[in-house]
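Undergrad: According to the numbering used here, the residues represented by the sequence shown are 773 to 853, in order. After the structure tokens below, expect a handful of questions from me.
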Amino acid sequence: MDSYTQGLPEWLGMILGVFVMILVIMWILVPIAISSIQKKTSEIAKTNKEILEAIKLQTAAINRHDLKQAADQRHLNNNLD
């Protein structure tokens with residue numbers, strides 16, 4: 773470290789050393805954090821897709837039930853006439 777900070781005040785060399793260590797740590801940790809976030813995001817997207825599919829199926833079932841009720845009501849109304 774002394775060869776990199778020759779001619780600089782000692783306190784400036786220490787600050788520079790800490791800064792370089794922080795950069796190295798970030799260089800290692802940031803990709804790990806990004807991959808973790810991407811993994812979690814893909815899991816959430818998969819769950820959201822499953823939920824959306826379930827909602828679509830439930831909506832289709834409700835629509836079929838409503839259509840059947842409407843047809844039954846029309847049949848009853850026609851029989852009353």
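Glycine is no exception: its CB is placed at the ideal position from the N, C-alpha and C atoms.
Rounded to whole angstroms, what's the CA-CA distance from LEU824 to LYS812? Just pull it up for me.
TA: 18 Å
Undergrad: Pull up the distance between the alpha-carbon of ASN850 and that of ALA833, whole angstroms please.
TA: Roughly 26 Å separates the two Cα atoms.
Undergrad: Taking GLN778 as part of the alpha helix (DSSP H), name the residues at either end of that continuous run.
TA: Looking at the DSSP string, GLN778 is not in any alpha helix (DSSP H), and its letter there is neither H nor E.
Undergrad: Just the Cα atoms here: how many angstroms apart are ILE816 and SER807?
TA: 14 Å
Undergrad: By how many angstroms is the C-alpha of SER814 removed from the C-alpha of LEU801?
TA: 20 Å
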